[in-house]
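Note that the working numbering has the sequence shown beginning at 131, numbered continuously upward.
Virtual Cβ for every residue (Gly too), placed ideally from N, Cα, C.
Please read all numbers here as calculations on a predicted model, not as lab measurements.
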Amino acid sequence: MTHRIPFLMLASLTLSATPVTYQELLQSATSQSNRLKIVKSDENIEKSSLETIYAQYYPSLSLSYNTEHNRDLGDYPTGTESVGDTIITSGTRYQSSLSLNLNYELYHFGTTQKSINIAKSKVDVQHLLWCEEEKKLHQEILERYNSALKMKTQNEIKREMLNIRRQLFETKKRLYKAGKYSKVDLGDEAITMIDIERDIERSSMQYQEDVIKLSSLSHMEINEKTTKLLPIKYKETDMLADDFEETTQGHRYDQQILQKQEEISMHHSSQLPKLLLYGNYYMYGSDPNDAYDAFQNVRKNSWKIGFAIRMNIFEGFRYNSESERLHYELLRIKQERDLHKREYEYDARSKNEKIVHLKTLQEKDQDLLDVTQEKIGMVNRLRNNHQIDKISELNAKLEGLERELNLRIEQSEAAYEKASLDILYRGIDQCSQH
Numbered sequence: 131m132t133h134r135i136p137f138l139m140l141a142s143l144t145l146s147a148t149p150v151t152y153q154e155l156l157q158s159a160t161s162q163s164n165r166l167k168i169v170k171s172d173e174n175i176e177k178s179s180l181e182t183i184y185a186q187y188y189p190s191l192s193l194s195y196n197t198e199h200n201r202d203l204g205d206y207p208t209g210t211e212s213v214g215d216t217i218i219t220s221g222t223r224y225q226s227s228l229s230l231n232l233n234y235e236l237y238h239f240g241t242t243q244k245s246i247n248i249a250k251s252k253v254d255v256q257h258l259l260w261c262e263e264e265k266k267l268h269q270e271i272l273e274r275y276n277s278a279l280k281m282k283t284q285n286e287i288k289r290e291m292l293n294i295r296r297q298l299f300e301t302k303k304r305l306y307k308a309g310k311y312s313k314v315d316l317g318d319e320a321i322t323m324i325d326i327e328r329d330i331e332r333s334s335m336q337y338q339e340d341v342i343k344l345s346s347l348s349h350m351e352i353n354e355k356t357t358k359l360l361p362i363k364y365k366e367t368d369m370l371a372d373d374f375e376e377t378t379q380g381h382r383y384d385q386q387i388l389q390k391q392e393e394i395s396m397h398h399s400s401q402l403p404k405l406l407l408y409g410n411y412y413m414y415g416s417d418p419n420d421a422y423d424a425f426q427n428v429r430k431n432s433w434k435i436g437f438a439i440r441m442n443i444f445e446g447f448r449y450n451s452e453s454e455r456l457h458y459e460l461l462r463i464k465q466e467r468d469l470h471k472r473e474y475e476y477d478a479r480s481k482n483e484k485i486v487h488l489k490t491l492q493e494k495d496q497d498l499l500d501v502t503q504e505k506i507g508m509v510n511r512l513r514n515n516h517q518i519d520k521i522s523e524l525n526a527k528l529e530g531l532e533r534e535l536n537l538r539i540e541q542s543e544a545a546y547e548k549a550s551l552d553i554l555y556r557g558i559d560q561c562s563q564h
């Protein structure tokens, strides 16, 4: 009766436990994870940069005001002279000017549009990085969730096995006292109980660690004593074809390649001439003695409008160096894509083959469990008829629990592999932001 009290308390806690599903943790993590919020902020930064680049389609209009005092150090007449890029004014006076300046790039072989395309690609890449980060987060949650389920299962069944082992030990102890059992075998039974107790303690420790990590990853507080984790469920209809190009990572590499190709094209266009429009409207005033009077005398002076063509002829081999750098960056992106594509294909293949083997193992273990249950039933009948001893009865129960533990662990592992494959196959349509 003493051994049954803890199990009755455990059963009471189980009945009052709050159920939590794998999908609930994923949804909570997606909506509250700081990791995803940071990546989302990066995406918003790129969107803001895109709006800035759109401004290149509009002319630049500025207003400037200058006031200065010019002191003549010689007997030169009032006037303005220029020597090279230096402008020299003569005469002593205060002067003020107000100018309205217009600058507009009329044509540069599509460079502005290419800049916009590059900025759009950066936004798309950040969006896909969010999807990839979500997949990584969900995979971490899945691993911890599966570990917690297995530890909980192991803990429950090991406790049942420990209870039977204690009964077995007491039975063998009585036989030992009666001189019908060896002390060595009795010692082995005691060691076996200690090993099971250690397994229970380890599984409890790992379960607690998994629950704490799940709370951290999902931002959902999980109480290890009052929460029951339900078996992993997933929707196979959400799976995409297993092509790397259809995954979020495949799409991201495609965008990065297009972005780099656009950068190379824009770099080539930068060497072509560009046509500019410029214009200025000037107002000017001066006074030989007073700065305020110079400001008061500001009047319309002149205006101008013109066109300019500018073209880079030589920049110290900077163009060639930059072109080489861009081509190497493009090559690296393609190599990285090929690497991850190969890893993805072998990872998917490994998971698919493991699922097939786990299915076969489950079928065999289910058959073994069924046979063992029949054996236990037969042993119970023989025991009731006093045809076998209690040790045989308890050993049969232990065998049944061992079979059940193996089957439940394999069922959990199979569900994990299928859910993991589902995450691996996710494309843009399965991204929560889509």
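At a Cβ-Cβ threshold of 7 Å, H238 and K481 do not count as neighbours. The DSSP assignment places complete alpha helix (DSSP H) segments of no fewer than 4 residues inside the stretch 348-427 at 378-399, 421-426, in order along the chain. DSSP, read as helix, strand or coil, puts T148 in strand. Of the residues assessed, G380 falls on the buried side of the cut-off, its CB having 16 or more other CB atoms within 10 angstroms.
In the DSSP assignment, F437 falls within the beta strand (DSSP E) that extends over 429-440.
Residues D172, E173, E176 of the same chain have their beta carbon placed closer than 6 Å to that of Q256, with the five preceding and five following residues left out of the count. The C-beta separation of T490 from E529 comes to about 21 Å, leaving the pair out of contact by the 8 Å criterion. A distance below 7 Å separates the beta carbons of L359 and A278. For a cut-off of 8 Å, the C-beta gap from N431 to Y408 is around 17 Å, too long to register as a contact. Closest in alpha carbon position to Y275, among L166, N536, E154, Q426, is E154.
As computed with DSSP, L193 is found in a beta bridge with L230. For K434, the closest of P418, Q225, S229, T182 by C-alpha to C-alpha distance is S229. Spatial neighbours of D559 in its own chain (CB-CB distance under 7 Å, excluding positions within 5 residues in sequence) are not present. For T160, the closest C-alpha among the options I271, K343, Q225 is that of I271. With contacts defined as CB atoms closer than 7 Å, I326 and M291 qualify as a contacting pair. Between L535 and I287, the C-beta gap is smaller than 7 Å, which places the two residues in contact. Per DSSP, F239 lies in no alpha helix (DSSP H) segment and is marked neither H nor E. Distance from the Cα of N233 is smallest, within the candidate group I439, T197, N450, for I439. For A185, the closest of L193, A249, V428, E211 by C-alpha to C-alpha distance is A249. If you compare the alpha carbons of G507, R467, E264 with that of K527, the shortest gap goes to G507. Taken atom to atom, the span from the alpha-carbon of E273 to that of K464 is near 31 Å. If you ignore the 5 residues before and after E483, its C-beta comes within less than 8 Å of no other C-beta in its own chain. A direct Cα-to-Cα measurement between Q391 and E459 gives close to 10 Å. The three-state secondary structure of Y474, taken from DSSP, is helix. In the three-state reduction of the DSSP assignment, R328 falls in the helix class. In the structure shown, N515 falls within a coil segment according to DSSP collapsed to helix, strand and coil.
Excluding its 5 nearest sequence neighbours in each direction, R513 has C-beta neighbours in its own chain below 6 Å: E523, listed in chain order.
Counting other Cβ atoms within 10 Å of its Cβ, V509 reaches 16 or more and is therefore classed as buried. Y555 has its alpha-carbon roughly 12 Å from the corresponding atom of K471.
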